[in-house]
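Peer 1: Have a look at the structure that comes next, please.
As structure tokens, this is what we get:
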């Protein structure tokens, strides 16, 4: 999906033009309406925090579960993992400030100055 205004993205989601992509990503047809709601809520939250005039892009990071070998991979062992239809979604937009702002649902916003790589013991 290309960068677009929040309003454009909401219209695209609600127009059902993404249904096939959502069915493929979330496995079942029954989940499509639920995904509409998740993405629309994400876009609304983005608008509330950063405004309606910024171009935004949506991302999904798929989940997995470890069937066996949990944490053995940290010691060069093997893990048997399986994909699941749960994910983490995000909305992102460019800025010219060298500042990264991360807001997770239920948490306060984290602000990182990408130009300042020094150790900050208060973080």
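Numbering (the numbering used here), first residue to last: 70 to 192. Every residue gets a Cβ at the ideal spot worked out from N, C-alpha and C, and that includes glycine. All figures in this text were calculated on a predicted structure; none of them were measured in a lab.
Looking only at its chain, what residues have a beta carbon closer than 7 Å to the beta carbon of residue 75, apart from the 5 residues adjacent to it on each side?
Peer 2: Contacts found: 112, 115, 116, 121, 125.
Peer 1: Is it true that the CB of residue 183 sits closer than 7 Å to the CB of residue 167?
Peer 2: Their beta carbons are under 7 Å apart, which means residue 167 touches residue 183 by this criterion.
Peer 1: Leaving out five residues on either side along the sequence, give the residues of the same chain with a beta carbon under 6 Å from the beta carbon of residue 87.
Peer 2: Closer than 6 Å at Cβ, skipping near neighbours: no residue.
Peer 1: Count the other CB atoms within 10 Å of the CB of residue 78; is the residue buried (16 or more) or exposed (fewer)?
Peer 2: Buried, since its Cβ has 16 or more Cβ neighbours within 10 Å.
Peer 1: Let me check one thing: in DSSP terms, what residues is residue 146 bridge-paired to?
Peer 2: Answer is none; residue 146 lacks a bridge partner.
Peer 1: I need the DSSP call for residue 99, collapsed to helix, strand or coil.
Peer 2: In the structure shown, residue 99 sits in a helix (DSSP, three-state: H, G or I).
Peer 1: Residue 90 to residue 131, Cα distance in whole Å?
Peer 2: So the two alpha carbons sit approximately 14 Å from each other.
Peer 1: Kindly list the residues whose CB is nearer than 8 Å to the CB of residue 109, restricted to its own chain and excluding five residues on each side of it in sequence; keep chain order.
Peer 2: Taken in chain order, the residues that qualify are 79, 82, 83.
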